[in-house]
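In the working numbering, the protein residues as written are 238 to 403.
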């Protein structure tokens, strides 16, 4: 029973830590982020297993972690508010070509991150971006302006669609 409690505690703790850390840490990892993740995994292993390094204890911890993950996915299907807190909602970082500096600051995403994502999606230049959306996965989706579209367009349909936070 000790292994189940340790596993459940560490799962919930890591869920909270990574949720508070934000999406950027999940999507754009650096070498330092990778090293930090390895250190966290080692500390987590020690905390979950305690002094019992048996195969049985290890399997029990793994079953606990997977079980909690399955349980949370089922609960999220029935509780949209919980799903929104656990997974977050997409954030519109650029709306009709205008950067939302406050949302960008809170998400710890700068203009260079958005421009990098735009280049990766074949869009070059801030003036070619209609919307930039920080997805719940941590990736940035770019919706380009149509060819010849004016850069001073008013709020479009995405700005007010459900699920997007402007």
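Glycine included, every Cβ here is placed at the ideal spot set by N, Cα and C.
Between the alpha carbons of residue 325 and residue 294 lies a distance of about 33 Å. Within a 10 Å sphere around the beta-carbon of residue 341 sit 16 or more other beta-carbons, which makes this residue buried. Below 8 Å, enough C-beta pairs join the segment 277–285 and the segment 242–260 to call them touching: three or more. In the DSSP annotation of this structure, the continuous segment of the beta strand (DSSP E) that includes residue 371 starts and ends at 366–371. Annotation: residue 291 to residue 267 spans about 34 Å, alpha carbon to alpha carbon. Comparing C-alpha distances from residue 331 to each of 317, 363, 269 shows the shortest one belongs to 363.
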